[in-house]
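Residue numbers (UniProt numbering): 1 to 446.
See the structure below:
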């Protein structure tokens, strides 16, 4: 007769939220900010035993107080969804500073050590890229019995270094190297990202399991505005070379010269990025664009949804994408999109958008002028196709993630009484080789 733990023992998640501690000063979240926020919300709501950590000054992970993390998540959601009030902005800043101070001082280090010493299945989830640059703190968690599961958003700095800042390609390759060396499984946002990632993982032997889990889309419900006689288009995303804003600005300069005030308008939504002097010069100094092109900047999710709702289409002429959140956001509102013909965007959009080569200036010109017409047949056809487009949900995403964790996180060591002898069971061989416990794999006893 044996006394044995439940073989369906739940996985306790340790989630790094370091990025959220430095992103609250932004008027609007980046794509990675949104993902880390969604993960924090999910594990706050669904797992009472989940733990939230951040790094101290030398990279060590420590536990953060759960009530403070919950308060930060709720306040960030409010600030990023709606136009923030001064009091809400102060509250975000106060929560961030309090959590950051605790992390920097290492106040959660001993609490994490204590938690790691307890038996149980544990997984360390890292959904932003930054902590991947140095694998040593992650190795500490793995040596304590945690499975390591990162989320990789894209490999663009490595595959398209011309669109990255000077040191970013080498830094990103270090992150991918850490993933290849330490990950027990990897989550990716698209099959396109997986196709870029897997060759890097196989350089160090058999790759870990890779889960494709599309990101969920949540935008505020806003009313559909009446059809405007003043048509406009929206481009959404950080103003950086990869997003190909220059194509659109050159088109609109030509529209200004040939159509004058009859030209449609263009709203540029997103923060200013890097190495974009020519685009910024046009936005600031090109007199022909005045009155036709408006740089909206960073705005709340509600404002984004309102502006998208009234647009003739989202314009997304990007050169490279890992997923394409702006496209998914537009389609979730049933707003047509004209976008680059990229694998990741095809994966998100299916047969709904109209796809063009990002260098096909004449094709973009024809499409924009067609969609600007109130009786545009191309736009009407896409609106019809959009009725069957399925909005990706976080519920679907996390169902896949939870199933992955259940598969790849090993059973914890369990004390088993068999014929008066104490044995340790339940650790798969692959994991036992990197723990301090040597365990034999036996059939469960009853």
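All C-beta atoms, glycine included, are put in the ideal place defined by N, C-alpha and C. All of these numbers come straight from a predicted model, not from anything done at the bench.
Please classify residue i: is it buried, with 16 or more other beta-carbons within 10 angstroms of its beta-carbon, or exposed?
i	result
residue 214	buried
residue 198	exposed
residue 329	buried
residue 375	exposed
residue 221	exposed
residue 224	exposed
residue 381	exposed
residue 367	buried
residue 167	exposed
residue 38	buried
residue 231	buried
residue 345	buried
residue 209	exposed
residue 414	Because the pLDDT at residue 414 is just 43, under 50, the model does not fix this residue reliably, and the value given afterwards should be weighed accordingly. Classification of residue 414: buried, given that the 10 Å Cβ count is 16 or more.
residue 23	buried
residue 304	buried
residue 437	For residue 437, the pLDDT reaches just 25, beneath the cut-off of 50, and the residue's location in the model is therefore unreliable, leaving the point undetermined.
residue 164	buried
residue 36	buried
residue 175	buried
residue 341	exposed
residue 260	exposed
residue 324	buried
Considering only DSSP beta bridges, list what residue i is partnered with.
i	result
residue 295	268
residue 337	314
residue 255	BP columns for residue 255 are empty, so no partner.
residue 61	55
residue 354	338
residue 211	187
residue 239	272
Does DSSP put residue i in a helix, a strand or coil?
i	result
residue 55	strand
residue 108	coil
residue 396	helix
residue 29	coil
residue 518	Because the chain here runs from 1 to 446, residue 518 falls outside it and cannot be looked at.
residue 306	helix
residue 381	helix
residue 78	helix
residue 244	coil
residue 219	coil
residue 366	helix
residue 89	helix
residue 205	coil
residue 224	coil
residue 300	coil
residue 44	helix
residue 84	coil
residue 428	Bear in mind that the predicted position of residue 428 carries a pLDDT of just 37, short of 50, making it unreliable; the figure below should be weighed with that in mind. Note: residue 428 maps to coil in three-state DSSP.
residue 388	coil
Looking at the unbroken beta strand (DSSP E) that takes in residue i, where does it start and where does it end?
i	result
residue 121	121-126
residue 235	232-236
Following the continuous alpha helix (DSSP H) through residue i, name the residue where it begins and the one where it ends.
i	result
residue 350	It is not in any alpha helix (DSSP H) - residue 350 carries neither H nor E in the DSSP assignment.
residue 323	Taken as a continuous stretch (DSSP letters only), residue 323 belongs to no alpha helix (DSSP H), as it is neither H nor E.
residue 197	191-201
residue 15	It is not in any alpha helix (DSSP H) - residue 15 instead sits in the beta strand (DSSP E) that spans 11-16.
residue 288	Run containing residue 288: none; DSSP gives neither H nor E here.
residue 49	Per DSSP, residue 49 belongs to no alpha helix (DSSP H) and is neither H nor E.
residue 129	Residue 129 -> no alpha helix (DSSP H), and no H or E assigned at all.
residue 159	156-159
residue 169	168-182
residue 138	136-143
residue 21	20-23
Should residue i be flagged as near chain D, meaning a C-beta pair shorter than 8 angstroms?
i	result
residue 195	Although the question refers to chain D, the structure presented lacks it and comprises just one protein chain.
| Within the chosen definition, does the region 235-246 reach the region 272-283 through at least 3 CB pairs nearer than 8 angstroms? | Yes, the region 235-246 touches the region 272-283.
| task | Determine, using beta-carbon pairs with one atom in the region 331-339 and one in the region 304-318, whether at least three such pairs fall under 8 angstroms. | result | The region 331-339 vs the region 304-318: in contact.
| Is the number of C-beta pairs between the region 58-78 and the region 99-112 that are closer than 8 angstroms three or more? | Yes, since at least three Cβ pairs between the region 58-78 and the region 99-112 fall closer than 8 angstroms, the two stretches touch.
| Should the region 155-162 be regarded as contacting the region 183-201, the criterion being three or more beta carbon pairs within less than 8 angstroms? | Contact between the region 155-162 and the region 183-201 is present, because at least three Cβ pairs lie under 8 angstroms.
| Counting Cβ pairs closer than 8 angstroms, one from the region 200-214 and one from the region 400-410, do we hit at least three? | Yes, the region 200-214 touches the region 400-410.
| the region 85-102 / the region 137-153 touching (three or more Cβ pairs under 8 angstroms) | No: fewer than three Cβ pairs fall under 8 angstroms.
| Cβ pair count under 8 angstroms reaching 3, the region 24-34 against the region 298-313 | A contact exists between the region 24-34 and the region 298-313.
| query | At a cut of 8 angstroms, does the region 173-186 reach the region 121-138 through at least three beta carbon pairs? | reply | In short, these stretches touch, since the Cβ pair count reaches three.
| field | contact_flag[the region 112-122, the region 157-168] where n(CB pairs < 8 angstroms) is 3 or more | value | Between the region 112-122 and the region 157-168, the count of C-beta pairs closer than 8 angstroms stays below three; the two stretches do not touch.
| field | Contact the region 35-52 vs the region 9-19: 3+ CB pairs below 8 angstroms | value | Contact between the region 35-52 and the region 9-19 is present, because at least three Cβ pairs lie under 8 angstroms.
| Just checking, does the region 290-297 make contact with the region 351-369 on the three C-beta pairs under 8 angstroms criterion? | No, they do not touch.
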